[in-house]
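Protein chains in written order, with this note's numbering: chain Z, 1 to 160; chain W, 161 to 320. This report refers to the structure that appears directly beneath it.
There are 2 protein chains.
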Amino acid sequence: MTTHVILVARAFGAKGVYIEGKDEKMVKSILKVIDSWGGSSYFLVKEIENGKSIVNEWKEKGGTIIHLTMYGININDFQDRFEKIKYPLLIIVGAEKVEGWYYHNADYNIAIGNQPHSEVAALAIFLDRIYKGRELYMEFEDAKIKILPQKAGKKVIRSG
Amino acid sequence: MTTHVILVARAFGAKGVYIEGKDEKMVKSILKVIDSWGGSSYFLVKEIENGKSIVNEWKEKGGTIIHLTMYGININDFQDRFEKIKYPLLIIVGAEKVEGWYYHNADYNIAIGNQPHSEVAALAIFLDRIYKGRELYMEFEDAKIKILPQKAGKKVIRSG
Numbered sequence: 001m002t003t004h005v006i007l008v009a010r011a012f013g014a015k016g017v018y019i020e021g022k023d024e025k026m027v028k029s030i031l032k033v034i035d036s037w038g039g040s041s042y043f044l045v046k047e048i049e050n051g052k053s054i055v056n057e058w059k060e061k062g063g064t065i066i067h068l069t070m071y072g073i074n075i076n077d078f079q080d081r082f083e084k085i086k087y088p089l090l091i092i093v094g095a096e097k098v099e100g101w102y103y104h105n106a107d108y109n110i111a112i113g114n115q116p117h118s119e120v121a122a123l124a125i126f127l128d129r130i131y132k133g134r135e136l137y138m139e140f141e142d143a144k145i146k147i148l149p150q151k152a153g154k155k156v157i158r159s160g
Numbered sequence: 161m162t163t164h165v166i167l168v169a170r171a172f173g174a175k176g177v178y179i180e181g182k183d184e185k186m187v188k189s190i191l192k193v194i195d196s197w198g199g200s201s202y203f204l205v206k207e208i209e210n211g212k213s214i215v216n217e218w219k220e221k222g223g224t225i226i227h228l229t230m231y232g233i234n235i236n237d238f239q240d241r242f243e244k245i246k247y248p249l250l251i252i253v254g255a256e257k258v259e260g261w262y263y264h265n266a267d268y269n270i271a272i273g274n275q276p277h278s279e280v281a282a283l284a285i286f287l288d289r290i291y292k293g294r295e296l297y298m299e300f301e302d303a304k305i306k307i308l309p310q311k312a313g314k315k316v317i318r319s320g
């Protein structure tokens, strides 16, 4: 699941990910995707021991902490505030149980609907909303593989 | 992963899912979520042997077959046609390799951006776009658990 979250982060316009815990095999597979499809020059993949220190650092930098949780405020009711929130954004998504600390230290707890579904979907929808869909036109200059969109079938250009 | 796809289908407004293959444990866990959070009256969860027969039946019924694939046409370039496509929609998402047959028998091959990421995210974005975000206000009459959105922390009403 974490792999899908990270691939969504990259494909939907995030600048990188902090991953709590250690998973060498997963990081290796991610770096392979980035090497082929692009993003090596800027997309950060960092394993960390404790997310709380990152949250505190982020606050000191003057950024905004967004926690995506089904218990939060519906994103539809938050949409008009997107323009005013201070960047950079740190977006927190949790797999299983997320500690209460994050709820109380996030600037905003935002729900992608108040129903159980998936942190993968939650991150995708949030990024799609803040970038207003433009992220889906992203091109990666250092990509070795590029897709030529097709009505049916597959067309890919390979370089490098 | 299939569990996440199904939870997204339910939470984002689909009427049900056909799952190719057999996975009793997974179906049981899904039905448990539906029993608690609602949707039992209409949300179909059906295991099937072969997706192709469903596609053919769907066509005979006059519905539209949408295949979500990174090789397809960017959803942003398809958006204006949403109003004209004939319902009901059968949306095909594949985990690993999807057979060429589906590419050539779908009415539309649509890409949620032409980058590798996740079928979970692809389905969520597609449904969010066709329902214009309204699906995130969905309420389930038969729900035994309901969330009261909170700025911080969790508030849930349990009934039945």
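In this text, a Cβ means the ideal position worked out from N, Cα and C, and glycines have one as well. Nothing here was measured: the structure is a model prediction, and the numbers come from that model.
Query	Result
Could you give the DSSP three-state label for W/Y231: helix, strand or coil?	strand
Taking buried to mean at least 16 other C-beta atoms within 10 Å of its own C-beta, is W/D267 buried or exposed?	buried
Candidates Z/D77, Z/I110, Z/I73 and Z/Q79: which alpha carbon is nearest Z/I92's?	Z/I110
Indicate whether the contact test is met: 3 or more Cβ pairs, each with one atom in the stretch 28-48 of chain Z and one in the stretch 81-90 of chain Z, closer than 8 Å.	no
With a CB to CB cut of under 7 Å and the five nearest residues on each side skipped, what residues in its chain are close to Z/V55?	I65, L90 and N105
Please tell me whether W/Y297 has its Cβ less than 8 Å away from any Cβ of chain Z.	yes
Is the CB of W/G293 under 8 Å away from at least one CB in chain Z?	yes
If you measure between the beta carbons of W/N274 and Z/I147, is that distance less than 8 Å?	yes
Can you give the beta carbon distance from Z/Q150 to W/G232, rounded, assuming they're within the 8 Å contact cut?	7 Å
Which residues, taken in chain order from the stretch 101-120 of chain Z, show a beta carbon closer than 7 Å to some beta carbon of chain W?	Y103, H104, N109, A111, I112, G113, N114, Q115, P116, H117, S118 and V120
Which two residues bound the contiguous alpha helix (DSSP H) that contains Z/A122?	E119 to I130
Indicate whether at least one CB of chain W lies closer than 8 Å to the CB of Z/V93.	no
Helix, strand or coil: how does DSSP classify Z/K28 here?	helix
Can you tell me which residues form a DSSP beta bridge with W/E180?	W/I208
Under a CB-based cut-off of 8 Å, is Z/D128 close to chain W?	yes
Pull the bridge partners of Z/A11 from the DSSP assignment, please.	In DSSP, Z/A11 forms no bridge with anything.
Once DSSP output is grouped into helix, strand and coil, what is the label at W/Y247?	coil
For the stretch 36-58 of chain Z, which residues have a CB atom closer than 8 Å to at least one CB atom of chain W, in sequence order?	W37
What does W/I235 touch in chain Z if you count any residue whose Cβ is under 7 Å from its own?	L136
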